[in-house]
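Enquirer: Okay, handing you the structure first.
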Amino acid sequence: MDLRLDGKVAIVTGAGQGIGAGIAQAYLAAGANVVVADIAGPQRASWDVAALEGREPRGMYIKSDVADEAQVQNMVERTMAAFGQIDILVNNAGVLSQAPVVDLTVAEWDRMMSINLRSVFLCCHEVLPHMLARKSGRIINIASQLAYLGGAGTAHYSASKGGVVSFTRSLAREVAREGILVNGIAPGPIETSMQDNTQTEWRTWKMGLLPLGRFGEVEEVAPTAVFLASDAASFYVGQILGPNGGDVMP
Ligand SMILES: NC(=O)c1ccc[n+]([C@@H]2O[C@H](COP(=O)([O-])OP(=O)(O)OC[C@H]3O[C@@H](n4cnc5c(N)ncnc54)[C@H](O)[C@@H]3O)[C@@H](O)[C@H]2O)c1
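Sequence positions in the sequence shown follow our numbering and run 326 to 575.
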């Protein structure tokens, strides 16, 4: 079983912090060069990507709003100019907010769809031509278990992640025979800043529902992304893997 990614080039969106940072660091440890594409500048990142410039494997920070077509095009162009190929794309950038549907503004619905779902299409749309040209690539989309469970107050977030699941399955069917494997990860609640705005009562209630009785850590999600990017995952197509503490058992 080969879980090494030596010499590969990966783009991980939203990797300035949280799950994306964990995946980017795990990729570097597995030998891949990593482009961190995040709307926040490098000074706001939780880790020092700039320190990896000029190293082997190399890290590179590209400040980019992945919901914006021109910025995604620029991000992909800069990656190709720097590395000449893209082997792995992880669509991880995302946001969470909570509001009952009756109070949800149209602007917030559109923002959620734009960052969580449109961005996945945009990044795939720009990266795919480079993967198709080499008949090789891995795309890993970060969904959420809320795509399956739904959640009171998270209809917009859950719908965006349901869209990510369906998009993943459709694209997987489209490009599998072109040598590009598309899969997803649907984490359960993970201890990142995304959980900062959740209420204590909700956390206590939610932990009680989980067979493990606790939320997950970033390090418990990142290995799944390494596996899906590796040669060991060569028979995985359109699968949504679930590091979720047992909350959802599809
Ligand atoms: N933490 C959880 O409990 C959990 C559970 C299931 C799924 N997820 C998903 O995992 C992914 C990562 O979440 P996290 O918990 O690490 O969150 P996080 O808030 O810690 O990190 C998200 C990162 O995405 C970046 N980002 C936001 N909008 C962006 C944009 N338009 N363009 C580029 N970058 C942007 C942020 O700057 C940040 O660095 C998200 O898609 C989230 O929906 C998280």
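Beta carbons: idealized from backbone N, C-alpha and C, even for Gly.
1. Is any heavy atom of ligand 1 found at a distance shorter than 8 Å from the C-beta of Y473?
2. Opposite N508 in the DSSP bridges: which residues?
3. To the nearest whole angstrom, what separates the beta carbons of L534 and Y482, a pair I think is in contact under 8 Å?
4. Roughly how many angstroms separate the alpha carbons of A335 and Q368, rounded to a whole number?
5. For the structure I just gave you, are there three or more beta carbon pairs, one from the region 498-507 and one from the region 521-532, closer than 8 Å?
6. Closer than 8 Å: is that where the CB of L447 sits relative to any heavy atom of ligand 1?
7. Three or more beta-carbon pairs under 8 Å between the region 405-418 and the region 440-459, yes or no?
8. Locate the alpha helix (DSSP H) running through A362, then write down its first and last residues.
9. Taking the continuous alpha helix (DSSP H) assigned at M405, which residues delimit it?
10. Considering just the uninterrupted stretch of the beta strand (DSSP E) at V334, what are its terminal residues?
11. Might you give, ordered along the chain, the residues of its own chain that have their beta carbon closer than 6 Å to the beta carbon of G339, omitting 5 neighbours on each side?
12. Ligand 1 heavy atoms versus the CB of G343: any closer than 8 Å?
13. In this structure, how does DSSP classify I440 when only helix, strand and coil are distinguished?
14. Since V391 contacts L447 with CB under 8 Å, what's their CB separation in whole angstroms?
15. If I'm right that P382 touches L353 with Cβ under 8 Å, what's the distance once you round it to whole angstroms?
16. Taking 9 Å as the threshold (C-beta atoms), are I465 and G355 in contact?
17. So who's on the other strand from L496, going by DSSP bridges?
18. To the nearest angstrom, report how far apart L553 and T493 are at their CA atoms.
19. Quick one: does the C-beta of M519 sit closer than 8 Å to a heavy atom of ligand 1?
20. Are there any heavy atoms of ligand 1 lying less than 8 Å away from the beta-carbon of T404, as far as the coordinates show?
21. Within 8 Å, do at least three Cβ pairs link the region 509-518 to the region 561-570?
22. Indicate, with yes or no, if ligand 1 has a heavy atom lying under 8 Å from the CB of D572.
23. My assumption, with CB atoms under 8 Å, is that H455 sits in contact with M385. Please give the rounded CB distance.
24. Specify the secondary structure class of G488 as computed by DSSP and reduced to three states.
Expert: Taking the coordinates as given:
1. Here residue 473 is taken as the residue at index 148 of the sequence shown, counted from 1. Not so, every heavy atom of ligand 1 lies at least 8 Å from the Cβ.
2. Mapped onto the sequence shown, residue 508 falls at position 183. DSSP, once it has assigned bridges, lists I465 as partnering N508.
3. Here residue 534 refers to the residue found at position 209 when the sequence shown is read from its first residue. Here residue 482 refers to the residue found at position 157 when the sequence shown is read from its first residue. Between Y482 and L534 the Cβ distance is about 18 Å, and since that is not below 8 Å, they are no contact.
4. Start at 1 with the first residue of the sequence shown, and residue 335 comes out as number 10. Start at 1 with the first residue of the sequence shown, and residue 368 comes out as number 43. Taking the Cα positions, A335 is about 21 Å away from Q368.
5. A contact between stretches requires three or more CB pairs, one per stretch, nearer than 8 Å, and the region 498-507 fails this requirement with the region 521-532.
6. Your numbering for residue 447 matches position 122 in the sequence shown. No, the Cβ of L447 stays beyond 8 Å of every heavy atom of ligand 1.
7. Contact holds: three or more Cβ-Cβ distances are below 8 Å.
8. Counting from one through the sequence shown, the residue named residue 362 turns up at place 37. That residue, A362, is in no alpha helix (DSSP H); its beta strand (DSSP E) goes 358-363.
9. On the sequence shown, position 80 is the one that residue 405 refers to. First-last of the alpha helix (DSSP H) with M405: 394-408.
10. By 1-based counting over the sequence shown, the position of residue 334 is 9. Element bounds for V334: 334-338.
11. Start at 1 with the first residue of the sequence shown, and residue 339 comes out as number 14. Closer than 6 Å at the Cβ level, and outside the excluded window around G339, lie G345, D363, N417, A418.
12. In the sequence shown, the residue the question calls residue 343 occupies position 18. True, at least one ligand heavy atom lies under 8 Å from that Cβ.
13. Taking the first residue of the sequence shown as 1, we reach residue 440 at position 115. In the structure shown, I440 sits in a helix (DSSP, three-state: H, G or I).
14. On the sequence shown, position 66 is the one that residue 391 refers to. On the sequence shown, position 122 is the one that residue 447 refers to. Contact check for V391 and L447: beta-carbon distance about 7 Å, within the 8 Å limit, so the pair qualifies.
15. By 1-based counting over the sequence shown, the position of residue 382 is 57. By 1-based counting over the sequence shown, the position of residue 353 is 28. Cβ-Cβ separation between P382 and L353: approximately 5 Å, consistent with a contact (criterion under 8 Å).
16. By one-based count along the sequence shown, residue 355 stands at place 30. By one-based count along the sequence shown, residue 465 stands at place 140. Here residue 355 is Ala; the residue named in the question, Gly, does not match the sequence. At least 9 Å separates the beta-carbon of A355 from that of I465.
17. Counting from one through the sequence shown, the residue named residue 496 turns up at place 171. Under DSSP, no beta-bridge partner is assigned to L496.
18. Residue mapping note: residue 553 aligns to position 228 of the sequence shown, counting from 1. Residue mapping note: residue 493 aligns to position 168 of the sequence shown, counting from 1. L553 and T493: Cα-Cα distance of roughly 13 Å.
19. Position 194 of the sequence shown holds residue 519. Yes, ligand 1 has a heavy atom inside 8 Å of this Cβ.
20. Within the sequence shown, numbered from 1, the residue matching residue 404 stands at position 79. No; taking the cut-off as 8 Å, the Cβ of T404 has no heavy atom of ligand 1 nearer than that.
21. Segments in contact, yes.
22. Translated into positions along the sequence shown, residue 572 becomes position 247. Proximity of the beta carbon of D572 to ligand 1 is not indicated: no heavy atom of the ligand is located closer than 8 Å.
23. For the purposes of this step, residue 455 is taken as the residue at position 130 of the sequence shown. For the purposes of this step, residue 385 is taken as the residue at position 60 of the sequence shown. Under the criterion of beta carbons closer than 8 Å, H455 and M385 do not qualify as touching, at roughly 16 Å.
24. Counted from its first residue, the sequence shown places residue 488 at position 163. Shown here, G488 sits in a helix according to DSSP, grouped into three states.
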